[in-house]
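Quick notes on the structure that follows.
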Ligand SMILES: Cc1cc2nc3c(=O)[nH]c(=O)nc-3n(C[C@H](O)[C@H](O)[C@H](O)COP(=O)(O)OP(=O)(O)OC[C@H]3O[C@@H](n4cnc5c(N)ncnc54)[C@H](O)[C@@H]3O)c2cc1C
C-alpha cells in the first residue's frame, strides 16, 4: 500500500499572531512552526500502517524552503520520502491542484490530509483533491482500518458518528481519533539521523491562477473588562445573562 | 446575479442554520435586486423557507438522498447551480456542508471562503470578512472567480423573518450509486449537539474527575445546552473526544459559553472565542479565562454550580 500524507506547516499553537507588510501577510518573525496537528494524527496512523502492513509513506508539502524542517520532522517520525512543491501556498485551490498533479503521476492507494489547517482554517484541501482526482473521500475521519482493498472507517458527524465501508483508493480529512494523543511520536535521535539521509524531492509548481486574494488581516479589538459577580450572588449572574447579554 | 443556498435538513426538518442562510441570502439579494433559490433534500416543510425570504425552493425527494453522500449531494447541488444560472452558493458551517464545500469549489470552478462573518461587499469584485487563525484574527478576502461559494459562520448573521411569495418545485435527480456505503450511524442520546447548540456548558480539569460531571450535565439540562470539555479532560478519558473543544477539537460559536474549572489556555480560547457571551467560573482569579470572559465568578465550582442550577430553575419556572 502506497500512502501520501499532506503536511501543512503551521505556527505553533501558542504563537502570537501578528501581521506585516500593511497587514497583508502573517508575521513569521520569532514564530515556531510545527506539523499541523490534524495532519500529525494522520501521519501517525500512516506510520502505523507502515509498521503493521508494510505500507510506504510519503509526505508532501506545498511551500517554500522554510518548510523543510517540518518535512524533516515527518521523516524523523518515520516517513520514507518527502516531496515539496516550491510555491508559497497562498490559495487552497493552488495547493490542492499541485498535490493532485503529483498524485496523478504517482498513483497512491491512500491519501491522508488534515480536516483543516490551524492557521488559515480553510478546510477545503482534501475535498478539492478528491474532486480533482476523482478519488473517494471521507472527511473528519476518526477511525480507519484497511484490509486488502476494503476500508472500514468512521467519520464524525454533528452529534455522533457514521460508520462507512468503502474501498481504495481513498482520501481522508483526518483529525484526532485516527490515533490517540498518546500515540503521537516524538522523533528520537536515530530517527533524526536517518531523516537527514532520506530523499526530499523539490518540484516546480504547475501554472495555476489564484481563486482568492487576501486584502488584509485584522486583529480583534481588545476585550473589555470582565464583569465579576460574587459567588454568593449567583442570581445576579442570571439577571445579567437575561437582561444585559440576552443570552438566556 | 443568482443566489443558491443549500438548506440542510435533519430528519426532514430544516436545521436552524438553514434559516440563517436564507436570511443572509435574502439581504444580499435585495441589495442586488436579485432573488434567492434554495435546494433541499427530502424536506417535510419546504414552504417554511418562504418565511425567511426564499423565492424558489427546490425540494429533491430521491430515496438515495436520505443519507448524506458527498458525491451524490455535490452532484445534485452543482447541477442545480448550473440550471438556475446561479453564481453565488451559500453553505453553512455544519460538518456536512464543510465536507461538501471543497468538492463543490472544484465542480463549480468557484472561489470558496469559509468561516465568513460578513455580508459580501461588491465594490471591488466580491469581498468578505472571515475568521482565521482559529479566531485570533480576521481576514478580508477577495474572491477572484466568476462563481463564488460563501461558507457562513454559524450565528454570525442571525435569523430575520421575511415573508415572501415562493414557488416550490419537487424534483427527482438521476442518481448513480454511492462509493462510500454508510453501514451504521451512532447518534449520541437525544442531547443537543455542540454544533447546533445556542448554549454550551463546558468543564475542565478543575472538576477533578468524571464522577463530578453531573454538575455540568445538570446545568446544561436546565439551560437546554450542549456539554463540552477541555482537551485534557477528553485525553484523560473523563469525557468522549467528541466533547473536546478548542483549537484542536471542535470549534464553538454559540450564543453563550459557560466554562467551569477551565484555565483558559490559548488553545482552548482560540476554539471558543467566537461565542457571543462567555462566562467563567474558576477558583483562581488569575486564570487567563477571566481576560477573555464577559462575566465571571471567582469561586469553587462545587459550591457555585449547584446554587446556579437551583436559581436557574427558579428563574425558569417564573419566566416560562
Ligand atoms: C498543540 C496543543 C493543542 C491544544 N489544543 C487544545 C484544545 O483544542 N482545547 C483545549 O481545551 N486545550 C488544548 N490544549 C491544552 C491547553 O494548553 C491546556 O492544557 C488545557 O486547555 C487546560 O485544560 P483545563 O483548563 O481543563 O485544565 P487546567 O489548565 O488544569 O485548569 C483547571 C482550572 O480549574 C480551576 N479549578 C480548580 N479547582 C476548581 C474548582 N473547585 N472550582 C472551579 N475551578 C477550579 C483551576 O484554577 C484551573 O484554572 C492544547 C495544547 C497543545 C500543546
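Chains as they are written, first to last, in our numbering: chain A, 1 to 248; chain B, 249 to 568.
Even glycine gets a Cβ: it sits at the ideal position worked out from N, Cα and C.
Alpha carbon to alpha carbon, how far is residue j from residue i? Give it in angstroms, no decimals.
i: residue 475 of chain B; j: residue 449 of chain B; result: 5 Å
i: residue 511 of chain B; j: residue 537 of chain B; result: 6 Å
i: residue 129 of chain A; j: residue 417 of chain B; result: 33 Å
i: residue 229 of chain A; j: residue 558 of chain B; result: 17 Å
i: residue 176 of chain A; j: residue 142 of chain A; result: 6 Å
i: residue 244 of chain A; j: residue 527 of chain B; result: 13 Å
i: residue 246 of chain A; j: residue 112 of chain A; result: 43 Å
i: residue 365 of chain B; j: residue 119 of chain A; result: 17 Å
i: residue 16 of chain A; j: residue 59 of chain A; result: 28 Å
i: residue 318 of chain A; j: residue 533 of chain B; result: Because residue 318 of chain A is not part of the residues shown, which for chain A are 1 to 248, the question remains open.
i: residue 188 of chain A; j: residue 88 of chain A; result: 30 Å
i: residue 248 of chain A; j: residue 221 of chain A; result: 25 Å
i: residue 489 of chain B; j: residue 496 of chain B; result: 11 Å
i: residue 518 of chain B; j: residue 383 of chain B; result: 6 Å
i: residue 337 of chain B; j: residue 250 of chain B; result: 9 Å
i: residue 168 of chain A; j: residue 425 of chain B; result: 16 Å
i: residue 212 of chain B; j: residue 160 of chain A; result: Since the first and last residues shown for chain B are 249 and 568, residue 212 of chain B lies out of range.
i: residue 563 of chain B; j: residue 508 of chain B; result: 21 Å
i: residue 136 of chain A; j: residue 149 of chain A; result: 13 Å
i: residue 282 of chain B; j: residue 362 of chain B; result: 23 Å
i: residue 485 of chain B; j: residue 468 of chain B; result: 20 Å
Judging by CA-CA distance, which residue of the options is the nearest neighbour of residue i?
i: residue 251 of chain A; options: A:69, A:242, A:97; result: Nothing about residue 251 of chain A can be read from this structure; chain A reaches only from 1 to 248.
i: residue 344 of chain B; options: A:155, A:47, A:221, A:190; result: A:155
i: residue 235 of chain A; options: B:553, B:296, B:469; result: B:553
i: residue 146 of chain A; options: A:157, A:160, A:54, A:139; result: A:54
i: residue 27 of chain A; options: A:216, A:228, A:107; result: A:216
i: residue 400 of chain B; options: B:377, B:384, B:382; result: B:377
i: residue 183 of chain A; options: A:221, A:222, A:83, A:41; result: A:41
i: residue 95 of chain A; options: A:49, A:125, A:74; result: A:125
i: residue 203 of chain A; options: A:83, A:74, A:179, A:114; result: A:83
i: residue 108 of chain A; options: A:166, A:114, A:99; result: A:99
i: residue 358 of chain B; options: A:4, A:211, A:237; result: A:211
i: residue 429 of chain B; options: A:232, A:163, A:66, A:19; result: A:163
i: residue 127 of chain A; options: B:371, B:385, B:381, B:356; result: B:356
i: residue 316 of chain B; options: B:278, B:442, B:257, B:294; result: B:257
i: residue 303 of chain B; options: B:278, B:327, B:463; result: B:278
i: residue 93 of chain A; options: A:200, A:29, A:205; result: A:205
Per DSSP, what are the beta-bridge partners of residue i in this structure?
i: residue 216 of chain A; result: B:388
i: residue 415 of chain B; result: B:304
i: residue 81 of chain A; result: A:58
i: residue 288 of chain B; result: B:307
i: residue 161 of chain A; result: A:156, B:434
i: residue 492 of chain B; result: B:477
i: residue 231 of chain A; result: In the DSSP output, where bridge partners are listed per residue, residue 231 of chain A has none listed.
i: residue 145 of chain A; result: A:152
i: residue 11 of chain A; result: A:33
i: residue 2 of chain A; result: A:56
i: residue 546 of chain B; result: B:530
Checking 9 Å against the spacing of the C-beta atoms, do residue i and residue j come in under that value?
i: residue 349 of chain B; j: residue 174 of chain A; result: no
i: residue 152 of chain A; j: residue 431 of chain B; result: yes
i: residue 77 of chain A; j: residue 185 of chain A; result: yes
i: residue 252 of chain B; j: residue 286 of chain B; result: yes
i: residue 506 of chain B; j: residue 447 of chain B; result: yes
i: residue 291 of chain B; j: residue 311 of chain B; result: no
i: residue 47 of chain A; j: residue 8 of chain A; result: no
i: residue 325 of chain B; j: residue 297 of chain B; result: no
i: residue 103 of chain A; j: residue 139 of chain A; result: no
i: residue 368 of chain B; j: residue 414 of chain B; result: no
i: residue 132 of chain A; j: residue 320 of chain B; result: no
i: residue 341 of chain B; j: residue 402 of chain B; result: yes
i: residue 72 of chain A; j: residue 190 of chain A; result: no
i: residue 502 of chain B; j: residue 540 of chain B; result: no
i: residue 504 of chain B; j: residue 522 of chain B; result: no
i: residue 43 of chain A; j: residue 31 of chain A; result: no
i: residue 392 of chain B; j: residue 209 of chain A; result: yes
Given the structure, does residue i come close to ligand 2, in the sense that its CB is under 8 Å from one of the ligand's heavy atoms?
i: residue 550 of chain B; result: Of the ligands this structure carries, namely ligand 1, none is ligand 2.
When you check each C-beta in the stretch 373-392 of chain B against every C-beta of chain A, which residues fall closer than 9 Å?
-> 373, 375, 377, 378, 379, 380, 381, 382, 383, 384, 385, 386, 387, 388, 389, 390, 391, 392
Taking Cβ-Cβ distances below 8 Å as the criterion, which residues of the stretch 536-560 of chain B are in contact with chain A?
-> 538, 539, 540, 541, 542, 543, 544, 545, 546, 547, 548, 551, 552, 555, 556, 559, 560
Of all the residues that make up the stretch 128-147 of chain A, which are near chain B by a beta-carbon distance shorter than 7 Å?
-> 128, 130, 131, 132, 136, 137, 138, 139, 140
Near-chain A residues of the stretch 478-491 of chain B (beta-carbon distance less than 9 Å), N- to C-terminal order | Within the stretch 478-491 of chain B, the residues whose Cβ lies closer than 9 Å to some Cβ of chain A are 479, 482, 483, 489, 490, listed in chain order.
Residues, ordered as in the chain, of the stretch 63-96 of chain A that lie near chain B by beta-carbon distance below 9 Å | 91, 92, 93, 96
What residues from the stretch 30-55 of chain A come within 8 Å of chain B, judged by C-beta to C-beta, listed N to C?
-> 37, 38
Please name the residues in the stretch 316-350 of chain B whose beta-carbon is closer than 9 Å to at least one beta-carbon of chain A, in chain order.
-> Flagged, chain order: 316, 318, 319, 322, 342, 343, 344, 346, 347, 348, 349, 350.
Where the stretch 400-434 of chain B meets chain A: residues whose CB sits under 7 Å from a CB there = Identification of residues in the stretch 400-434 of chain B having a C-beta nearer than 7 Å to some C-beta of chain A yields 427, 428, 429, 430, 431, 432, 433, 434, given in sequence order.
Mind checking the stretch 174-191 of chain A against chain B and listing, in chain order, the residues whose C-beta falls within less than 7 Å of any C-beta there?
-> 176, 177, 181
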